[in-house]
Amino acid sequence: MRQGVGLGAPPPGYYKNDDAVFGPFPLGFTLTFFGVNYTDFWISNNGNIQFGASADGSYTPTATLDSQTLNPMIAPYWADVDTRPSDGGMVYLRTDPNQIIVTWDAVGYYSQHTDKLASFQLVLRGPGYVPDPDEGRIGFFYKAVQWETGDASGGSGGFGGTPASAGFGDGLAAANAGEISIPGSRQDGISQVLTNNHYWFQLGESGVPTQDEGTIPEPGTVLLFTSGLALLALSRIRRK
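Numbers given in my numbering equal positions in the sequence shown, counted from 1, plus 16.
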């Protein structure tokens with residue numbers, strides 16, 4: 017989705033799914049995130065990556081990311097993604113020196129709906145990456161985001177119920193500094209807030225996220241897919 021970024025080739029054995037998590041995958045660098053060092057990460061089909069010994073495929077975002085008690089999480093669009101339909105998209109990974117890029121490309125919502133799709137991307141950079149002055153260590157990028165809620169989260173036709181959330185959580189019940197939720201999270205209309213938008217974040221002392229002001233990119237420049245997407249493997253998790 018970022019201009020000029022090719023996203024690799026698909027590894028074997030990966031498949032379309034619902035509520036799966038997969039990994040751990042090596043970061044290729046040491047990431048300090050909320051005071052803890054990590055060298056690998058998990059990917060949830062439901063719009064986030066997580067850190068720790070295991071991962072969770074929860075499909076309905078908690079009340080706020082600063083009170084969720086799942087794994088420490090970076091969530092560009094935590095919602096009930098369903099990639100099973102043949103006419104919908106999938107999740108892809110690119111790993112570069114000091115950088116990973118995870119892309120949810122034209123994904124539908126539960127249960128197997130593709131009448132509306134969402135395309136979004138996470139860019140995560142290691143401490144050895146020197147960003148341009150107008151960029152940061154963590155980026156959220158969005159193309160068209162046409163749905164907000166899956167059927168199992170109280171939605172109908174992709175809206176209503178408990179809408180998607182975007183931001184950061186440290187995995188602890190207490191609210192702490194750096195647990196940022198993008199304005200509009202878990203509110204009707206978040207899809208309109210995010211469509212064709214992007215956000216950059218820095219990592220401050222002890223890996224605590226700080227937010228740069230989100231800006232709307234020029235159409236057709238920042239938010240571009242390129243060829244060669246690397247399809248991620250998804251380990252099936254039973255829907256509760």
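All residues carry an ideal CB built from backbone N, CA and C; glycine is no exception.
Please read all numbers here as calculations on a predicted model, not as lab measurements.
Practice item. Spell out a yes or no on whether the stretch 44-63 and the stretch 113-123 are touching, meaning 3 or more CB-CB pairs, one atom from each, closer than 8 Å. Key: The stretch 44-63 vs the stretch 113-123: in contact.
Practice item. Report the rounded CA-to-CA distance for Asp121 versus Gln218, giving the unit in angstroms. Key: Along the sequence shown, read from residue 1 onward, the residue named residue 121 stands at position 105. Along the sequence shown, read from residue 1 onward, the residue named residue 218 stands at position 202. Computed Cα separation, rounded: 25 Å.
Check your understanding: Could you give the residue range of the alpha helix (DSSP H) that holds Ile206?
Key -> The residue labelled residue 206 in the question sits at position 190 within the sequence shown. Looking at the DSSP string, the run of the alpha helix (DSSP H) that includes Ile206 is Ile206 to Leu210.
Review point. If you run the structure through DSSP and keep just helix, strand and coil, what is Ala69?
Key: The residue labelled residue 69 in the question sits at position 53 within the sequence shown. Three-state result, Ala69: coil.
Review point. Can you name, in chain order, every residue of its own chain whose Cβ lies under 6 Å from the Cβ of Trp216, other than the five neighbours on each side?
Key: Mapped onto the sequence shown, residue 216 falls at position 200. If we look at Trp216 and ignore the five residues flanking it on each side, its Cβ neighbours are Glu151, Gly152, Gly155 and Asp228.
Exercise for review: Identify the continuous beta strand (DSSP E) that holds Tyr75 and give its terminal residues.
Suggested key: Residue numbering aside, residue 75 sits at position 59 when the sequence shown is read from its first letter. Run containing Tyr75: none; DSSP gives neither H nor E here.
**Study point:** Where the beta strand (DSSP E) through Gly185 begins and ends
**Key:** As a first step, residue 185 must be located in the sequence shown, where it is residue number 169. Note, Gly185: beta strand (DSSP E), Ser181 to Gly185.
Check your understanding: What first and last residue would you give for the beta strand (DSSP E) that runs through Gln218?
Key -> Against the sequence shown, residue 218 aligns to sequence position 202. That run of the beta strand (DSSP E) goes His214 to Leu219.
Check your understanding: Which residues in the same chain have their Cβ closer than 6 Å to the Cβ of Pro194, if we skip the five residues on either side of it in sequence?
Key -> Taking the sequence shown and counting its residues from 1, one reaches residue 194 at position 178. Note that residue 194 is Gly in the sequence shown, not Pro. Counting only Cβ-Cβ distances below 6 Å, and skipping sequence neighbours, we find Val224 and Pro225.
Exercise for review: Could you spell out the range, first to last residue, of the beta strand (DSSP E) harbouring Ala134?
Suggested key: Residue numbering aside, residue 134 sits at position 118 when the sequence shown is read from its first letter. Under the DSSP assignment, Ala134 falls in the beta strand (DSSP E) whose first and last residues are His129 to Arg141.
Check your understanding: Per DSSP, what kind of secondary structure is Asp167 in: helix, strand or coil?
Key -> Locating residue 167 in the sequence shown gives position 151, where the first residue counts as 1. Assignment of Asp167 by DSSP, reduced to helix, strand and coil, places it in the helix class.
Exercise for review: Would you mind stating whether Ser197 and Gly51 have Cβ atoms separated by less than 9 Å?
Suggested key: What you label residue 197 is simply residue 181 of the sequence shown in a count that begins at 1. What you label residue 51 is simply residue 35 of the sequence shown in a count that begins at 1. A distance of 9 Å or more separates the beta carbons of Ser197 and Gly51.
Check your understanding: DSSP puts Thr111 in a beta bridge; with which residues?
Key -> Working through the sequence shown from its first residue, we reach residue 111 at position 95. Bridge partners of Thr111 according to DSSP: Ile116.
Point to revise | Collapsed DSSP secondary structure at Gly124 in the structure displayed | key: Locating residue 124 in the sequence shown gives position 108, counting from the first residue. Of the three classes helix, strand and coil, the one that applies to Gly124 here is strand, per DSSP.
Check your understanding: Among Phe175, Ala69 and Val118, which one has its Cα closest to the Cα of His129?
Key -> Within the sequence shown, the letter at position 113 stands for residue 129. Taking each of Phe175, Ala69 and Val118 in turn and checking the Cα distance to His129, the smallest one comes out for Phe175.
**Study point:** Closest residue to Gly142 among Gly220, Arg202 and Pro101 (Cα-Cα distance)
**Key:** Here residue 142 is taken as the residue at index 126 of the sequence shown, counted from 1. Checked all of Gly220, Arg202 and Pro101; the closest Cα to Gly142 is Gly220.
Check your understanding: Start and end of the beta strand (DSSP E) containing Asp56?
Key -> Start at 1 with the first residue of the sequence shown, and residue 56 comes out as number 40. Unbroken beta strand (DSSP E) run through Asp56: Val52 to Ser60.
Check your understanding: Roughly how many whole angstroms lie between the Cα atoms of Val209 and Gln137?
Key -> Translated into positions along the sequence shown, residue 209 becomes position 193. Translated into positions along the sequence shown, residue 137 becomes position 121. As the crow flies, the alpha-carbon of Val209 is around 15 Å from that of Gln137.
Check your understanding: Closest to Ser74 by CA distance: which of Pro199, Asn192, Asp34 and Lys159 is it?
Key -> If you number the sequence shown from 1, residue 74 lands on position 58. Of Pro199, Asn192, Asp34 and Lys159, the residue nearest in Cα terms is Asp34.
Point to revise | Sub-9 Å separation of Asp96 and Thr76 beta-carbons | key: Taking the first residue of the sequence shown as position 1, residue 96 is located at position 80. Taking the first residue of the sequence shown as position 1, residue 76 is located at position 60. Taking 9 Å as the Cβ cut-off, Asp96 and Thr76 qualify as a contacting pair.
Check your understanding: Should Ala36 go down as buried or exposed, given a rule of 16 or more other Cβ atoms within 10 Å for buried?
Key -> In the sequence shown, the residue the question calls residue 36 occupies position 20. Counting the other CB atoms within 10 Å of its CB gives Ala36 a total of 16 or more, which places it among the buried residues.
Practice item. Go ahead and label Thr55 buried or exposed: buried means 16 or more other beta carbons lie within 10 angstroms of its beta carbon, across all protein chains shown. Key: Start at 1 with the first residue of the sequence shown, and residue 55 comes out as number 39. Thr55 is exposed by the Cβ-count criterion.
Check your understanding: Taking 8 Å as the cut-off, does the CB of Pro225 come closer than this to any heavy atom belonging to the ligand HEM?
Key -> The ligand HEM is absent from the structure shown, which contains no ligand whatsoever.
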